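These protein sequence lines map, in sequence, to chains A and B.
Count along the first sequence from 1, add 183, and you get the number used in this note's numbering.
Count along the second sequence from 1, add 2, and you get the number used in this note's numbering.
Okay, so here's the structure we're looking at.
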Amino acid sequence: MTEEIIKDVIIGESEDYIVNIGPQHPSTHGVLRFEVCLQGETVKYIIPHIGYIHRGIEKMCESLTYPQIIHLTDRMDYLSAHMNNEAVCLCVENALQVEVPERVKYIRTILDELNRLASHQLWWAAFGMDLGALTTFFYGLRDREMILDIFEESFGSRLLHSFNTPGGLMHDVHPNFQKKIKEFIKYFRKKLPEYDQLLTGNVIFKQRAVGIGPMSKETAIAYGVTGPSGRGSGWACDLRKHAPYSAYDKVQFTECLETEGDTYARYKVRMREMWESLSILEQLVDNIPEGDYTAKMKPIIKLPAGEFFQRVETARGELAVYIVSDGNKTPYRIRFRTPNFSNLFVINTIASNFKIADLVAISGSLDLVIPDIDR
Amino acid sequence: MLNRDEFKEIISKLVPEAEFPEGTQLPEVIVPVAKLVELVEKLKANPNTSFDYMINHTAVDFNTHFMTVYHFESTTHKHLLVVKAKIEDHENPETESLAALYPTCEFFEREVFDLFGIRYKNHPNLKRLFLEDDYGHPLRKDFRDEVNIIER
């Protein structure tokens, strides 16, 4: 079907254009190439081409020990590095049946939410810029800087802070940790309404977003579109709610659902999730129990022979780790089911028959991180 | 939400030769490749199981054979099931495609085809996803790349 169209284009019988967007294009947010067939300005179909930064992480992991694997998982979805670490750690801990201290659970949950906030802030910044609102980029990055400073103080790095390790944390958090978070919550509660004033009610923004790229709940489930993108279609897929891990069973929060399924609904879900993340942080930050920052682990971690599966909710959806162990210190096979991989391939379904300018809005609203797709 | 025994009861009626390994983390069933599509189709349609969401599909190379692994979840009942199919032929592995039932599976299958070289019958567009056409299949255990991978 597609080959026929391409042939028609080449011999000049059709009026369609084939346009490549990417791999080096700002609106693809990474090295991703969309092969777009256009009829005038209208998109007929889109073929995503991936693999430009395929590093073979799953293959590399087969020769690394479990504490070493943690450092590679950062490099998948670099904006939810902490959740990626946690997925592997939880999987290993479940396999070994290690009970981590309460303190670790609380700190991990706080870091999850901080990381989710940082990720959503960057998404908001970049999404506004995709649609021509340059101011959002400065606002978003200004506020994200505060979270990155908290990370830097405690872990020594801002983005890829392999702070989790099987059994607990690498070391204890900085004494300023709680104070800085409380300052941030207070600051960001004032700044978040500004985000709404800038974009949410903006007429130009709404014309670019409302009704663009509608995705039904059935499509979301069939394509496995999880995270805020899936919840924008009304699919209750928040694993923090449905399969709680760490300290998520101890906090109160609502699962943000919208039913329209368009670009604006996905936008609203993320905006509401930022408020929820703040409220989760507030519930936890004063109640971090005292205790060890790690459980007692053997120096060489060997998993029992068998298969282990663990799912966590990253900022972009469901990350599943599937480990096949043969009893050695390295996994026999490790598989990462990454959220962006499934989220990307729905784009042909939801962006067809829209204008090419809407494609930028739709791919922005899916919040793609390309290293997570390619792995 | 069904438990292991209830899954066992439903599945053994559909596929009598199915195996149910004990002591696994999730309920698990191993079926012959020939029965895979039929079983998954019926489990998806059955209102008691209704596995409408495919979380994950991958394969594992066991040197003598391949095992394809499917993780399913039901969005209504919230239960999980692992379906596995064993591919005996290690030289020319071939199995059935589930892309018609789960659109997301089309791309998982292309990834497995790319990295393991497992061919899927009835796949709409079986092309390599990440690597060049003349590259080997890196996740196979007998894969060697003397230029780029340093053996330890």
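Beta carbons are placed, not taken as given, at the ideal position from N, Cα and C, and that holds for glycine.
Note that this is a predicted model, so its numbers are computed, not measured.
Annotated three-state conformation of F115 of chain B is helix, per DSSP. Secondary structure at Q493 of chain A: strand, using DSSP grouped into helix, strand and coil. The distance from the Cβ of L83 of chain B to that of F53 of chain B is about 6 Å, consistent with a contact at the 8 Å cut-off. For the segment 494 to 528 of chain A, residues whose beta-carbon sits nearer than 8 Å to a beta-carbon of chain B comprise R494, E501, A503, Y505, V507, Y515, R516, R518, R520, F524, S525, F528. Counting only the Cα atoms, I89 of chain B lies some 9 Å from T66 of chain B. In this structure, the beta-carbon distance from P105 of chain B to Y406 of chain A falls below 8 Å. Distance from the Cα of I152 of chain B is smallest, within the candidate group A:C220, A:M243, A:S462, for A:M243. Annotation: the continuous beta strand (DSSP E) that includes S508 of chain A extends over 500 to 508. For a Cβ distance threshold of 9 Å, residue set L117, P140, L141, F145, I151 of chain B lies close to K242 of chain A, ordered along the chain.
Counting along the chain, H254 of chain A sits inside the alpha helix (DSSP H) bounded by residues 249 to 256. In its chain, beyond the 5 residues on either side, R216, F217, E218, V219 have a beta carbon closer than 8 Å to the beta carbon of N203 of chain A. Residue environment for V287 of chain A: buried (at least 16 other C-beta atoms within 10 angstroms of its C-beta). Taking 8 Å as the upper bound for CB-CB distance, L551 of chain A and H212 of chain A are in contact here, some 6 Å apart.
Judged by their CB atoms, F74 of chain B and V85 of chain B are nearer to each other than the 8 Å cut-off.
The three-state reading of DSSP puts P34 of chain B in strand, counting E and B together.
Judged by DSSP in its simplified three-state form, E11 of chain B adopts helix. Sequence-ordered contacts of the segment 228 to 240 of chain A with chain B read I233, G234, H237, G239 [C-beta pairs closer than 7 Å]. Between the C-alpha atoms of Y450 of chain A and F388 of chain A there is a straight-line separation of about 11 Å. In the DSSP assignment, H232 of chain A is bridged to A:R216. Beta-bridge partners assigned by DSSP to E75 of chain B: B:Y55, B:L82. Short of 6 Å from the beta carbon of T409 of chain A, and not among the five residues preceding or following it, lie these beta carbons of its own chain, in chain order: C420, G500, E501, P522.
With 16 or more other CB atoms across the displayed protein chains lying within 10 angstroms of its CB, T60 of chain B is buried.
Under DSSP, Y122 of chain B takes part in a beta bridge, and its partners are B:T97. Burial is judged here by how many other beta carbons sit within 10 angstroms of a residue's own beta carbon; A498 of chain A has at least 16 and is buried.
Legend: CB atoms of the segment 105 to 116 of chain B lying less than 7 Å from CB atoms of chain A belong to residues P105, T106, F109.
In the structure shown, F436 of chain A adopts coil according to DSSP, grouped into three states.
For R453 of chain A, the uninterrupted alpha helix (DSSP H) run begins and ends at 446 to 468, by DSSP. Per the coordinates, the alpha-carbon of I545 of chain A lies some 38 Å from the alpha-carbon of G351 of chain A.
Closest in alpha carbon position to K373 of chain A, among A:G474, A:T442, A:Q435, A:Y322, is A:Y322. Nearest Cα to R341 of chain A within the set A:H265, A:I463, A:R516: A:H265. At least one CB atom of chain B sits nearer than 8 Å to the CB of Y406 of chain A. Residues of chain B whose Cβ lies closer than 9 Å to the Cβ of H254 of chain A do not exist; the shortest such Cβ separation is about 17 Å.
Residue contact with chain B for E296 of chain A: absent (no Cβ-Cβ distance below 8 Å to any residue of chain B). For V275 of chain A, the enclosing alpha helix (DSSP H) starts and ends at 264 to 279. Contact annotation, F436 of chain A with S412 of chain A: C-beta distance approximately 19 Å; criterion of less than 8 Å not satisfied.
T225 of chain A is bridged by DSSP to A:Q222, A:K538.
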